[in-house]
Amino acid sequence: LEAVHARLEAELVAPGRAVWLEAPAAADEDLLRVHVSAHVTRLAALDRAGGGWLDADTSMGPGSLEAARRAAGAAVLAAGRALRGEGPSFCAVRPPGHHATPGRAMGFCLLNNAAVAAAAALDRLGARRVLVVDWDVHHGNGTADAFRSEPRVHYVSIHQWPHYPGTGLADDTGCGNLFHVPRAPGLPRATYVHDLLAAVDRAVDGFAPDLVIHSAGFDALRGDPLGAFTLEPEDFATFAREVRARAPRAAVMSVLEGGYDPPRLAEAAARHAAALAE
Ligand code: ZN
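See below:
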C-alpha cells in the first residue's frame, strides 16, 4: 500500500488528475448482503481477542478488521460515486477480498470488497446489472460463490491453473453467469490479454452492465512471487480501456486485490488508474 499510495500521489493526485477520499467503514447492512452473520461475528470475536489465524495463510492482527471494513466501505463508496456519475475510482486498499466466501475468510481475504460493492449496487444504488472483471492471477472463488446463482451479476476471471485456490474451471458456469478462463503459467502476455477480453465479450453479449467492477490483482505481473503470468504494467491500462470499450455506458470502479512485488505493483496500479481516469 505504501508503494501504491506514493506512486498514485505522484502521478495522479499531485498533477490534479485525481483526489484521495477517506475510506469509510462498511455498514453491517452492506456486509450482510454477501456474508453470513456468523462470519462477521467470528471476525469481530477474533478482533476483540487481538487477532489470530483464520486459515493457513490468513491471519488478523490488531486493526485488521477495521482495515477490512474500510476496504469494503471504499468499494461501496466507489460504486455509489460511479453510479451517480461522479467518475471512476480506484480503491487502493488491503486486505484484498476476492477469496472471501460468504461464510469464510481465506487467501489473505477477510471481507469480499468487490462482492459487497456489487451487492450494494444492485440492492440500493440503482444498478440493474453488474459485471465483475477479475484479472488477479488467482481465481476469485469468493466472488464466484457469492453470485453463482445471481443472474444480475456476470463474473469474468482469468487465472493461473492449476494454482491456488484450486477452483475456477471453465465448466463451472454458475447460472450461466460465470466466465472462467483458467490458463497455464508462462504463456505470452498477449494470450492472457486476448483471452480475458474474449471472455468479457461473451459476458456482455446480451448483458449491458450499469456498473463494471475491476477486481484488480497485480500478481498477474511477470515476476510476481505468487504467480507465473507474464503481464507488464501497460497491460493493466489496456484492461481499463478495452473493458470500457466493451461496456461503454457502464459506470466503472476498480478495487485492489493481489500484487506482491511492490515496485511493479505500484507502476501497474498507476497505469491502470490513469487509464480509468482518461
Ligand atoms: Zn492473487
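With my numbering applied, the sequence shown corresponds to residues 393 to 670, in that order. Where a beta carbon is used, it is the ideal one built from N, C-alpha and C, also for glycine.
Which residues mark the beginning and the end of the alpha helix (DSSP H) in which valine 635 is found? 625–638
Within 10 angstroms of its Cβ, does threonine 583 collect 16 or more other Cβ (buried), or is it exposed? exposed
What are the start and end residues of each continuous alpha helix (DSSP H) run of 4 or more residues lying completely inside the region 541–608, in chain order? 581–595
Host beta strand (DSSP E) of glycine 472 (start-end): Taken as a continuous stretch (DSSP letters only), glycine 472 belongs to no beta strand (DSSP E), being part of the alpha helix (DSSP H) at 456–475.
For glycine 534, the three-state DSSP class (helix, strand or coil): helix
Can you give me the Cβ contacts of glycine 518 inside the same chain, cut-off strictly under 6 Å, excluding the 5 residues immediately before and after it? Leu475
Examine the Cβ distances between the region 490–509 and the region 414–432 and report whether three or more of them are shorter than 8 Å. yes
Could you tell me if aspartate 597 is buried or exposed, where buried requires 16 or more neighbouring beta carbons within 10 angstroms of its beta carbon? exposed
If I measure Cβ to Cβ from arginine 638 and keep anything under 6 Å in the same chain, skipping five residues before and after, which residues do I get? Val592, Val596
How many Å lie between alanine 538 and aspartate 439 at the Cα? 24 Å
Proline 488 Cβ short of 8 Å to the ligand ZN heavy atom set: yes
For leucine 479, tell me which candidate among Val635, Ile550, Asp528, Val411 has the shortest Cα-Cα distance. What sits at residue 479 in the sequence shown is glycine, not leucine. Comparing Cα positions, the closest option is Val411.
Any heavy atom of the ligand ZN closer than 8 Å to the beta-carbon of aspartate 653? no
Let's test the definition: count the other Cβ atoms within 10 Å of the Cβ of glutamate 649 and tell me whether it reaches 16, buried, or not, exposed. buried
Taking the beta strand (DSSP E) that valine 522 falls in, what are its first and last residues? 522–526
Rounded C-alpha distance that separates aspartate 653 from alanine 620: 12 Å
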